Amino acid sequence: MLSRCGAAAPSSRGERARPPSASSRHIPPSLSPTSRRCPRARGRWGAARPCTRALPVPGRGRAAVGGAASMGFTVETLREAMKYMVESQGFDRVLRKMKLQSATPGRVVCEMKVEEEHTNRGGTLHGGLTATLVDVVSTAALLYTERAMPGVSVDMNITYTSAAKIGEDILITAQILKQGKTLAFATVDLTNKATGKLIAQGRHTKFIGN
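In terms of the working numbering, the sequence shown is residues 2 to 211.
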């Protein structure tokens, strides 16, 4: 017997209720879930926290770059996935003006103009926003690999080397250094587009499954 939420109701014999199937979860009508679901992360008390974010169906874009046709995402579907991530009802909306410039397997380059909403009290790029850029763009680089797994964050650290002011264009370049059986390692450079000066460098480790 199914309850209204799609979960199996417990029987009179005391059987445990089964969790709702993937098909019963709400998926935005404009997007379809990928067959590669991100791995479950363990919460503080050991409870599993599945990632339910829906992403566009991979491999259906019109154009592929550098062998991407055999991978999970094309440039077009990667752009759609990133757009969905930053236009959701969460903190990532602050990156809605960021644009994908290029993508090759394991490497993604994005561009963004620093605006007032991106800055700290001193009028320069906020350190917390820098961390968000590192997180989102390195995840995009992971999606643009053969495994196409977004993963969940294990560790992230950032070195800040210079400031970015309002009106300046910055480039965010993410490179996947290694993908093992369970972990992936990425580096992300934020640079001034006009001068090439390094603004910050981030290193991101993600759990990508067994």
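Where a beta carbon is used, it is the ideal one built from N, C-alpha and C, also for glycine. Model, not experiment: these values are computed from the prediction.
Straight-line measurement puts the Cα of Thr146 at about 9 Å from the Cα of Thr105.
With a cut-off of 8 Å on Cβ pairs, the segment 117 to 133 is in contact with the segment 198 to 211, counting three or more such pairs. Put simply, the backbone Cα of Ala164 is about 6 Å away from that of Thr125.
Within its own chain, the residues whose Cβ lies closer than 7 Å to the Cβ of Ala142, once the five positions on either side in sequence are excluded, are Gly107, Arg108, Val109, Ala175, Gln176, Ile177, Ala187, listed in chain order. Spatial neighbours of Ile209 in its own chain (CB-CB distance under 6 Å, excluding positions within 5 residues in sequence) are listed in chain order as Met150, Gly152, Ala185. Between Asp170 and Lys114 the beta-carbon gap is near 5 Å, inside 8 Å, which marks them as a contact. Under a 10 Å Cβ-count criterion, Glu117 is classified as exposed, with fewer than 16 other Cβ atoms of the shown protein chains found around its own Cβ.
Taking a C-beta distance under 8 Å as the contact criterion, Val137 and Val87 qualify as a contact pair. In the structure shown, Gly124 adopts coil according to DSSP, grouped into three states. Nearest neighbour of Asn158 by Cα position, chosen from Leu172, Phe74, Leu144, Ser139, turns out to be Ser139.
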